[in-house]
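Q:
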Amino acid sequence: MSDTFDLIVVGGGPGGYVAALRASQLGMSVAIVESTHFGGVCLNWGCIPTKALLRSSEIHHLLHDLGTFGFSAENVSFDLPKIVARSRGIARRMGGGIAHLLKKAKVTTFDGRAKLAGRAGEAHKVSITKDGAEVAVIKSPNVILATGARGRQLPGLETDGKLIWGAREAMTPTELPKRLLVIGSGAIGIEFASFYRNMGSEVTIAEVADRILIAEDPEISAAARKAFEKQGMKIITGAKVGPLQKGENEVSTTIESASGTVDLTVDRVICAVGIVGNVEDLGLEGTKVQVDRTHIVTDGFCRTAEPGIYAIGDVAGAPWLAHKASHEGILCVEKIAGRSPQPLHALNIPGCTYSRPQIASVGLSEEKAIAAGHKVRVGRFPFMANGKAVAMGETEGMVKTVFDATTGELLGAHMIGAEVTEMIQGYVIARTGELTEAELIETVFPHPTISETMHEATLAAFDGPLHI
Amino acid sequence: MATDILMPALSPTMTEGKLARWLKKEGDKVSAGDVIAEIETDKATMEVEAVDEGILGRILVQEGVEGVAVNTPIAILVEEGEDVPDASTAQTPAVALAAEPVAASIPPASTKAAPKDESSERIFVSPLAKRMAKDRGIALGSLNGTGPNGRILKRDVEKGGNAAPVAPKTTPATPVATDGDVKRVPNSTMRKVIARRLTESKTQVPHFYVSVDIELDALLALRSKLNATAEDNSFKISVNDMMIKAVGLALKKQPGLNVQFTDAETLHFENVDISMAVSIPEGLITPIIRNADQKSLREISREAKDLAKRARAGKLKPEEFQGGTFSISNMGMFGVRDFAAIINPPQAGILAIASGEKRAVVRGDQLAIATVMTATLSVDHRAVDGALGAQWLNALRDIVQNPYTLVV
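First to last, the sequence lines map onto chains A and Z.
Going letter by letter, the first sequence gives residues 1 to 468 in the UniProt record's numbering.
Going letter by letter, the second sequence gives residues 1 to 408 in the UniProt record's numbering.
(1) Helix, strand or coil: how does DSSP classify A/Tyr310 here?
(2) For chain A, check one thing: does any of its Cβ atoms lie closer than 8 Å to the Cβ of Z/Pro346?
(3) Can you find a C-beta in chain Z that's less than 8 Å from the C-beta of A/Glu434?
(4) If you run the structure through DSSP and keep just helix, strand and coil, what is Z/Asn149?
(5) Between A/Ala418 and A/Ala389, which are expected to be in contact by the criterion C-beta below 8 Å, what is the C-beta distance as a whole number of angstroms?
(6) How would you write the range of the alpha helix (DSSP H) that A/Asn198 sits in, first residue to last?
(7) Assuming A/Val143 and A/Ile32 form a contact by the criterion Cβ under 8 Å, report the distance between their Cβ atoms to the nearest whole angstrom.
(8) Does the Cβ of Z/Leu56 have 16 or more other Cβ atoms within 10 Å, making it buried, or fewer, making it exposed?
(9) Could you spell out the range, first to last residue, of the beta strand (DSSP E) harbouring Z/Asn330?
(10) On a Cα-Cα basis, can you pick out the residue from A/Ala371, A/Ala311, A/Thr287 that is closest to A/Val297?
(11) For the beta strand (DSSP E) holding A/Pro382, just list the boundary residues, first then last.
(12) From the DSSP output, read off the bridge partner residues of A/Ala206.
(13) If the cut is a Cβ gap below 8 Å, which residues of chain A does residue 409 of chain Z touch?
(14) Would you mind listing the beta strand (DSSP E) stretches within the stretch 393 to 417 of chain A that are 3+ residues and don't spill past its ends, in chain order?
(15) Tell me where the beta strand (DSSP E) around Z/Met276 begins and ends.
(16) Give the straight-line distance between the Cα atoms of A/Ala73 and A/Gly89, rounded to the nearest whole angstrom.
(17) Given that Z/Ala375 touches chain A, what residues does it touch there, using C-beta distances under 8 Å?
(18) Taking Cβ positions, are A/Thr432 and Z/Arg131 nearer each other than 8 Å?
(19) Indicate whether A/Ile214 and A/Cys271 have their beta-carbon atoms separated by less than 8 Å.
(20) Starting from the C-beta of A/Pro141, find all residues in its chain whose C-beta is less than 8 Å away, skip the five residues before and the five after it, and write them out in chain order.
(21) Considering only the alpha carbon of each residue, which of A/Ser24, A/Ala187, A/Gly118 lies closest to A/Leu321?
(22) Looking at C-alpha atoms only, which residue of A/Lys178, A/Val273, A/Ser340, A/His414 is the closest neighbour of A/Lys399?
(23) Is the shortest distance between the beta-carbon of A/Asp463 and the beta-carbons of chain Z less than 8 Å?
(24) Just how far apart, CA to CA, sit Z/Ala20 and Z/Glu282?
(25) Are the beta-carbon atoms belonging to Z/Ala360 and Z/Phe339 less than 8 Å from one another?
(26) Measuring alpha carbon to alpha carbon, tell me which residue in A/Arg225, A/Ile83, A/Ala149 is nearest A/Gly397.
(27) Name, please, each residue of chain A whose Cβ falls closer than 8 Å to the Cβ of Z/Ala129.
(28) Could you tell me which of A/Pro382, A/Asp463, A/Glu250 sits nearest to A/Thr453, measuring between CA atoms?
(29) On the CB-based measure, 16 or more other CB atoms within 10 Å of its CB, does A/Asn198 come out buried or exposed?
(30) In this structure, does DSSP put Z/Thr203 in helix, strand or coil?
(31) Excluding the 5 residues flanking A/Leu364 on each side, which residues of the same chain have their C-beta closer than 6 Å to its C-beta?
(32) Report the three-state DSSP secondary structure of Z/Trp22 (helix, strand or coil).
(33) Would you say A/Ala328 faces chain Z, with C-beta separation under 8 Å as the test?
(34) Between which residues of its own chain and Z/Asp156 is the CB-CB distance below 7 Å, once the five residues before and five after are set aside?
(35) Determine the direct distance from the alpha carbon of A/Val266 to that of A/Ala52, and round the result to whole angstroms.
(36) When DSSP labels each residue in this structure, what does A/Glu134 get in the three-state scheme?
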C-alpha cells in the first residue's frame, strides 16, 4: 500500500466521512483516520441516538393521550433499558453502514489518532498513533481536519458521569431520574428536557440568557416556553446557577433569577452549555493554522492559513450542525478537485430542535432582519387553523415568515409544531434558490398537509391568509 | 404563409440595434442569401441576409429607427400572390435572419468577457435577482453571474451592472434639433456604449497608473532597416505595429497583466490578444490582434491595417473586436507628451502610448539627445498590484530599447 494519498481526512464524523466519499467519487485516493467510531458524535452520541429516544418519548406521550383518539389501555408501562438499547442499536447499525460505504468507495481507513508531522516536499505528513505508539505515517498535499467538538465544561458544572451528566450519560440512563435539572437551553438541552419530561421526570431548565433557544426568533422562543411550561416543565431564564452540592444520590443548588431565588434538589443534572472544538494534539503548532477560541479559522472554502490544510464542521466553528459539516466537506473537496463550488451561506443553514413541539428555522429572525436594515413584512399562521394539524391532534404550533418588503426576499422562516423539522427544507430551498414571495405564493401545496401553513404564512405577509 | 422577419441578434452583446438601411423594397422578390437590410449595432454595421425566399410584403420598421429590440418583427415575408397582412402575425413561426458575421465563432476568452445578452441567449437568474435588477433598472445581460453554472444571484445585482436597454422608439430619431444656441445631437448607439462602458470602468475598476520613458532610437533604426528590405513596398511596418508586438512579448514575459478579475477568481489567459484602440468618426473601436506575441511584424502590420480600415468602414465582425486580453491606445500621431487611458473592461490593463520626441537625456554625467516616448500603463488594482505593473513596464522598455527580440 502506498503511503501517499490525494487527500487525508482526519476524523470520521458527518463532515469527514462525507468529504472522503465525495473525494473518492471525484477520483481521488483518500485516507481517513478515525480514533473511535465512524459517524462521529452525530451518529454515535448525538443526532441519531437522541432521535431514537425522542421517538420513544413521543410514543409515551401519545399513550397517555389515547382517549383523544378513541382508545383505552390500562397499565401502560415502559422499560427504560429497552428504550436505551434500541437507541444504541440504531447508532451501531448506522455506524456499520458508514464503514461499509467507505469500503465500497475504496477509502483507506486508519484506526488511530492523527497528528500533522511537518512537510515532505509539497506534501503534509500525518502521523497516526494508536495507544501511544505510532502505527503509520502517511502523506498528502491535502489534509482536511474534521475532528469535531465536545461539550463545554464550565468550572463547578463539570460532568462526573454519575450525578452530573453530559450528553453521553443523558442518553444512556439506567433509571429515570425523578427530578432533573437541565442547564442550558440550546437544542441539546431542550431535546433532553423534552425527552425526560415526556417520560415523566420533573424537569427544570436553567438558562443564563433572558429566553430559551436563543438562536431562534424571540416569538418562537416564547411559544416554545409556553408549550413546555404547559407540559409541566419549570423554566428559569436569566438564571445564575449556584454551586452544585452533591449528595449521595442527589444534587442541591440555588438558582437566582429576576423572579427570585429558588432552592432546588434534583436527582440528576444535565449540563449542555455549549461546545468547544477538538483542536488539541493535531500538530497545529508547527503550521500557520489559526485557532480562535477553540475553533480553526477558515475561509469560505474551508481553507486554513496553511496551504493544503483545511478544516470543516464543528472544529471550524458555528453553527455546530452535522449538515453544515457534511456540506462543508463536499464543497471543500470540490474546491480541492478544482471544481467551482459555492461557498456556504450561513443564513441558508437550517437549524432543528426535535423536542415536542419541534422547532425549525432558517435565515434571519424578525429582529435581526430589522437590525440589518431591512424593511420587513411578517406573516404568521397558526396550526390551529390547519385542517391536517387539527386532524392529527397537533394544533400547537405556528409558522412565521419574514420577507424583505422591497425585494420580496424570504429573509427568514421560523416554525414550531409537529413535523416542522421535516418541512423547513421547503423554505431552505426558497432561500438557496433565491425565490421571492411570488414563487412561494404560486406554489401548489398539497392538501391536507401541515405544510399548507407555510403557504398561508407567506400569504399572511402579503395579501393576507385565506384560512384565518 | 406570411412570416415575420425578426430583428436578428448579430452578436452576443446585442440587445437592440438601429435599422440603418433597407436594401429591398416592399414588393421585391427575395431569395435566400440576399442581403435585405443593414443593421447598425453597438460597434459595427452589418448586413442581414434572408434565409427564406418570398416577397418582402411589408416593412414594419422603417430605415433610421434606433433601439429596435432583438426579435422585434421588422418585416413580413409572404409567398407570391398571397395577401399581405397589415401587422405582424405573431402566431406564425418567425423566420430568423441569418446574419453575417456569425457570433458563434467568438473564442472562449470573449465568451467569458462578453456580457450576456437578454434576448438571444438564455440567462440563468434567480427570481430575487431578476426582480432586484428590474427595480434598479439594471440589464441582466450586464451582470456577471457567480452562482451555480453562472446563475445571476442577489449578490451579483448588489454589485451593480448597467442600465437596462431602453424600449425601442417607434419613430425615427430626429438627427439634429436646434434649440436656440444649442445643437442637440442624439447619441449614437456607439456613443451610448462608450459612455456606459467607460463609466462602468472608471466607477467600478480601481485604476492605478505607472509611467516610463522609453528611448525609441534603436527601434526606429530597426524599423528603417526592415522597411528598406521591402521590395515594391510590399510592407511598411509602423512604430505602432512594433509596439503591438513588443506589448505582446512583454505580456508573455510578465503574464501577470494578461488577466481578468472576477469576484470569485482571476482569469489568467494563455493567449495574448491585443485590442488596439482605433478612432473612427462615430467614436472608438478596439479591433484585436490575436496572439500578437507569436505573429511576425509583417503579419501584425498587415492585420492592423486591414482591421483599422474595416473599423473605419464599420465593417468589423463581432469576434474581431470582442474578447481581447489587453489594450493599447496610441496617440503618438497627435504630438502629445503623455496621457492615461481608461481600462477597457473586463481587461485588467491598457497601455497609453504618447508621441516619440527628441528630448535631452542624461547618460552618465553627460547630456545627450534621444528620441523618447512616455508610455503610461493603467491597471486594474483588483487583479494586479503596483510592483507587478512596474516590472511589466520595465520588461516592455527592455524589449523596445533592445528591439531585436521583435524580429528574432
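Think of the CB as a built atom: it goes at the ideal place given N, C-alpha and C, for glycine as much as any other residue.
Given the structure is predicted, the values throughout are model-derived calculations rather than measurements.
A: Reading off the structure:
(1) strand
(2) no
(3) yes
(4) helix
(5) 7 Å
(6) 187 to 199
(7) Rounded, the Cβ-Cβ distance is 11 Å, inconsistent with contact.
(8) buried
(9) 326 to 330
(10) A/Ala311
(11) 376 to 382
(12) A/Ile183, A/Ile236
(13) Residue coverage of chain Z in this structure runs from 1 to 408, which leaves residue 409 of chain Z outside it and unanswerable.
(14) 398 to 404, 410 to 417
(15) 274 to 276
(16) 28 Å
(17) The contacting residues do not exist; Z/Ala375 stays about 37 Å from chain A at best.
(18) no
(19) no
(20) Asp6, Glu122, Ala123, His124, Gly308
(21) A/Ala187
(22) Position check: residue 399 of chain A holds Val in this sequence, whereas Lys was assumed. If we check each option's Cα against that of A/Val399, A/His414 comes out closest.
(23) no
(24) 14 Å
(25) no
(26) A/Arg225
(27) Glu434
(28) A/Pro382
(29) buried
(30) helix
(31) Leu411, Gly412
(32) strand
(33) Here the sequence assigns Glu to residue 328 of chain A, which means Ala is not the residue at that position. Chain Z contact via Cβ: absent.
(34) Ala129, Leu143, Asn144, Gly145, Thr146
(35) 25 Å
(36) strand
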